[in-house]
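Position one of the sequence shown corresponds to residue 1 (UniProt numbering), numbered consecutively onward. Yeah, the Cβ is synthetic: ideal placement off N, Cα and C, and Gly gets one too. Keep in mind the model is a prediction, meaning the values are calculated, not measured. Worksheet: the structure to be examined is printed underneath.
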Amino acid sequence: MQIILYLSVAVIAIAFLILVIYLAKTLTSLQVTLNSVSNTLVGLERQLDGVTRETTELLHKTNTLAEDIQHKSESLNNVVYAVKEVGDSVRTFNGSIQNITSSVNTQIELNKDKVAQVVQWGNVLFELRDKYKKRKEEPVQTYSADKSFPTKRRERSRS
Numbered sequence: 001m002q003i004i005l006y007l008s009v010a011v012i013a014i015a016f017l018i019l020v021i022y023l024a025k026t027l028t029s030l031q032v033t034l035n036s037v038s039n040t041l042v043g044l045e046r047q048l049d050g051v052t053r054e055t056t057e058l059l060h061k062t063n064t065l066a067e068d069i070q071h072k073s074e075s076l077n078n079v080v081y082a083v084k085e086v087g088d089s090v091r092t093f094n095g096s097i098q099n100i101t102s103s104v105n106t107q108i109e110l111n112k113d114k115v116a117q118v119v120q121w122g123n124v125l126f127e128l129r130d131k132y133k134k135r136k137e138e139p140v141q142t143y144s145a146d147k148s149f150p151t152k153r154r155e156r157s158r159s
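Below is the structure:
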């Protein structure tokens with residue numbers, strides 16, 4: 001029986017040795033994995049620092065750009081107000097022109113007989129002027145002593 005007891009202790013020792021060997025391999029593998037994870041975390045920390053710096057710079061640039069846009073927007077508002085005032089002025093001017101036009105139309109309606117008379121007198125004056133010009137340009141008939149037929153001669157108009 002003692003042999004069985006020794007054999008059992010030897011089997012337990014061998015099993016324990018195998019368990020320790022596998023446990024050592026597992027722990028070594030775990031240590032390699034943990035080292036790799038540690039290196040990865042160090043790299044991520046460096047990258048995160050770089051991203052944090054870039055994000056901070058981008059935030060500063062964005063704030064500067066927002067301020068610039070705000071100033072330009074205020075300047076543009078002044079331009080929009082000026083254009084609006086020009087539009088109001090043009091609208092007022094158009095209203096004045098319409099008032100003057102309606103006033104002139106009213107006066108023409110009230111005095112259309114007089115206007116017609118003035119137009120008729122103007123036409124008469126133009127006709128008289130045209131007749132006077134025609135008469136000045138017509139040839140004058142003169143008789144010469146040796147010819148019995150009248151000759152036509154143009155007189156020059158004296159201006």
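Hey, residue i and residue j: beta-carbon distance below 8 Å or not?
i, j, result
"Ile108", "Val115", "yes"
Among residues of its own chain, excluding the 5 on either side of residue i, which ones have a beta-carbon nearer than 8 Å to its beta-carbon?
i, result
"Ile12", "none"
"Thr55", "none"
"Ala82", "none"
"Ser38", "none"
Within a Cβ cutoff of 7 Å, which residues of the same chain sit near residue i, ignoring the five residues on either side of it in sequence?
i, result
"Phe16", "none"
"Leu5", "none"
State yes or no: is the beta carbon of residue i nearer than 8 Å to at least one beta carbon in chain B?
i, result
"Lys61", "Among the chains in the structure shown there is no chain B, since it carries only a single protein chain."
- Would you mind listing the alpha helix (DSSP H) stretches within the stretch 4-30 that are 4+ residues and don't spill past its ends, in chain order? Those alpha helix (DSSP H) runs which fall completely within the stretch 4-30 and span 4+ residues do not exist here.
- Which ranges would you report for the alpha helix (DSSP H) in the stretch 96-141 if only whole runs of at least 4 residues count? Taking only runs of at least 4 residues, the alpha helix (DSSP H) segments lying wholly in the stretch 96-141 are 112-137.
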